[in-house]
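Sequential numbering of the sequence shown, starting at 1, is according to UniProt numbering.
Right, one structure below, let's go through it.
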Amino acid sequence: MSSEILVNVTPMETRVALVENGAVQELYIERSQTRGLVGNIYKGKVVRVLPGMQAAFVDIGLERAAFIHASDIDLNRTDNEPHKPIQTLVREGQALVVQVIKDPMGTKGARLTTALSVPSRYLVFMPDSDHIGISQRIDSEEERERLRALVASVKEAEEIKKGGFILRTAAEGVGEAEIQSDMNYLKRLFRVLEQRMKENKPATIIYEDLALYLRVARDMVKTDVEKIRIDSKETFSKVHEFVTKYTPEVESVFEYYPGERPIFDLFSVEDEISKALGRKVELKSGGYLIIDQTEAMTTIDVNTGAFVGHRNLEETIYKTNLEAVTAIARQLRLRNLGGIIILDFIDMDDEEHKRQVHRMLEKHLEKDHAKSKVTSVSELGLVEMTRKRTRESLEHVLTEHCNVCAGRGRLKTAQTVCYEVFREILREERAYNTAQYLVLASQQVIDTLLDEESSNVADLEEFINKPIRFQVEPMYSQEQFDVILQ
1 MSSEILVNVT PMETRVALVE NGAVQELYIE RSQTRGLVGN IYKGKVVRVL PGMQAAFVDI
61 GLERAAFIHA SDIDLNRTDN EPHKPIQTLV REGQALVVQV IKDPMGTKGA RLTTALSVPS
121 RYLVFMPDSD HIGISQRIDS EEERERLRAL VASVKEAEEI KKGGFILRTA AEGVGEAEIQ
181 SDMNYLKRLF RVLEQRMKEN KPATIIYEDL ALYLRVARDM VKTDVEKIRI DSKETFSKVH
241 EFVTKYTPEV ESVFEYYPGE RPIFDLFSVE DEISKALGRK VELKSGGYLI IDQTEAMTTI
301 DVNTGAFVGH RNLEETIYKT NLEAVTAIAR QLRLRNLGGI IILDFIDMDD EEHKRQVHRM
361 LEKHLEKDHA KSKVTSVSEL GLVEMTRKRT RESLEHVLTE HCNVCAGRGR LKTAQTVCYE
421 VFREILREER AYNTAQYLVL ASQQVIDTLL DEESSNVADL EEFINKPIRF QVEPMYSQEQ
481 FDVILQ
């Protein structure tokens with residue numbers, strides 16, 4: 001399976017699309033104003049202990065206090081032992097070094113742990129553990145044993161007495177030199193972090209994970225990735241410098257994309273983003289999925305629609321469910337759906353058909369980087385599953401609750417529409433020669449363009465060397481806009 005990664009960079013946001021066999025499978029969006037927090041390490045301060053919940057709230061300098069459970073502090077217990085009561089583990093006012101394992105979502109604060117870990121290209125360093133672990137995606141038992149022995153010998157040679165390591169999927173097949181280089185990098189990095197832990201005041205950051213475009217270079221280069229194209233020369237230079245220093249063996253995979261056509265127009269990525277915000281997903285056969293996200297869970301309903309089988313109804317149902325499995329696995333990754341997910345397949349009478357649908361689902365989920373658990377198909381055609389959620393879904397990143405319909409639906413935020421306006425202006429600039437631009441949009445979007453986004457507007461005007469004027473269209477909804485050439 002051939003893969004390609006497209007990286008679209010603007011001063012406001014970075015967007016990354018993973019394309020497999022010509023179809024977009026995963027999307028990552030990081031806005032400069034709201035970067036994800038997973039992996040960040042903070043020196044926090046315990047502000048409230050909750051014995052009833054066996055948890056505590058910790059101030060790490062964010063808008064909302066973060067949350068830590070007793071099981072994420074009491075790390076030395078075995079699986080069979082109950083964790084110690086939270087009030088014996090922490091007290092109010094206490095300083096506590098913690099790491100974010102889940103981003104804030106909705107009204108919930110970030111989720112924390114005291115089990116710190118710091119990643120490099122091939123390894124994850126765990127200062128409070130002596131364990132040597134290996135990614136489950138490395139299947140060969142022989143390779144697992146080789147890597148385990150290699151890490152143990154390099155650890156001894158480098159005299160690293162304290163701390164454990166997890167070998168990441170990218171470590172498959174690498175030699176002693178690469179492991180040694182990574183270990184030395186992590187050792188140096190953690191020495192710096194230990195100093196910050198001592199010197200920093202509570203509610204301050206100790207370590208921040210890399211920006212999205214550098215995480216692509218560190219985490220997403222796999223054997224099946226043929227090309228990683230980046231449409232910003234400045235970002236490409238930064239990535240090239242990072243890769244030359246840490247992962248020179250994958251340097252040839254990266255290339256600068258100078259094309260006049262916007263990079264996300266390749267493989268119709270913009271269209272896929274729009275489709276991924278809709279409820280309905282069409283299947284080639286004429287069937288379709290209906291996807292509904294709520295705070296508690298996501299439901300995916302499979303329907304036959306216009307599809308009628310050649311032989312009988314059972315065959316029609318079976319074929320539709322099999323086709324739906326492929327689409328569901330893709331939508332889970334594309335939309336980054338997490339938590340509890342209920343799949344409502346069309347009822348099947350044949351037990352073998354149920355088994356085949358379940359087997360196909362498990363096979364497709366093997367390609368997914370997020371861990372999931374799946375139950376078998378019930379008598380009602382339902383499959384319950386969970387998919388690990390560490391960051392917001394695509395819908396939550398790009399949309400907000402709609403006030404007009406009292407929260408029953410969603411619409412794009414004014415900021416999302418502003419960025420669409422910027423991209424449309426750049427698209428028009430490449431295609432046509434004009435003296436200036438006029439943007440027609442709703443009051444909310446124009447206000448955002450002239451206020452929070454005014455510096456980005458100024459940068460864009462300087463970049464295209466043309467003025468941009470704005471005009472409110474009272475009848476336009478928040479998502480509507482027009483860019484007029486003048």
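Yeah, the Cβ is synthetic: ideal placement off N, Cα and C, and Gly gets one too.
For residue i, the first and last residue of its enclosing alpha helix (DSSP H)
i    : result
Q87  : 86-89
E176 : 176-199
H364 : 351-365
R454 : The sequence shown places Ser at residue 454, not Arg. Taken as a continuous stretch (DSSP letters only), the alpha helix (DSSP H) holding S454 covers 454-464.
S372 : Note, S372: premise wrong, no alpha helix (DSSP H); beta strand (DSSP E) at 372-374.
K108 : Where K108 is concerned, there is no enclosing alpha helix (DSSP H), given that its DSSP letter is neither H nor E.
E241 : 233-246
Helix, strand or coil at residue i according to DSSP, with G and I counted as helix
i    : result
E400 : strand
K43  : strand
P119 : strand
V24  : strand
D209 : coil
V421 : helix
Q331 : helix
N8   : strand
D224 : coil
I341 : strand
S268 : helix
R218 : helix
E143 : helix
T390 : coil
T204 : strand
T169 : helix
Cβ-based burial, residue i [other Cβ within 10 Å; buried from 16]
i    : result
R387 : buried
Y213 : buried
D182 : buried
G175 : exposed
R333 : buried
S117 : buried
H401 : exposed
L398 : buried
F463 : exposed
K284 : exposed
G163 : buried
Start-to-end residues for the beta strand (DSSP E) that takes in residue i
i    : result
R15  : 13-20
R469 : 468-472
D301 : 297-303
D447 : Here D447 belongs to no beta strand (DSSP E); instead the alpha helix (DSSP H) covers 443-450.
A95  : 95-102
Y256 : 254-256
Near the ligand MN: residue i beta-carbon under 7 Å from a heavy atom
i   : result
D74 : This structure does not include the ligand MN; it has no bound ligands of any sort.
Residue from the options with nearest C-alpha to residue i
i    : options                : result
G52  : G44, K363, A70         : A70
D130 : E142, I138, R148, D139 : R148
V445 : P119, V397, I73, P474  : P474
E260 : E429, S140, R391, I68  : E429
Y288 : S252, E141, N403, I328 : I328
V472 : E172, D292, V483       : V483
E270 : P82, T416, H364        : T416
G338 : D301, A296, T304       : A296
N312 : N403, D292, M348, T299 : M348
G409 : C418, E395, V421       : E395
K227 : A217, K233, V47, G381  : A217
P202 : E208, T298, V58, L75   : V58
R191 : R144, F125, Y246       : F125
E420 : P262, R35, V49         : P262
R391 : H364, Q136, K108, I68  : K108
A97  : E194, D209, Q443, Y476 : Here residue 97 is Val; the residue named in the question, Ala, does not match the sequence. Comparing Cα-Cα distances from V97 to each of E194, D209, Q443, Y476, the minimum goes to E194.
Q443 : A115, E479, K84        : E479
V100 : R35, L18, L123         : R35
Q356 : I340, G381, H369, D368 : G381
Below-8 Å beta-carbon distance, residue i vs any chain B residue
i    : result
K412 : As a matter of chain content, chain B is missing from the structure shown, which is built from one protein chain.
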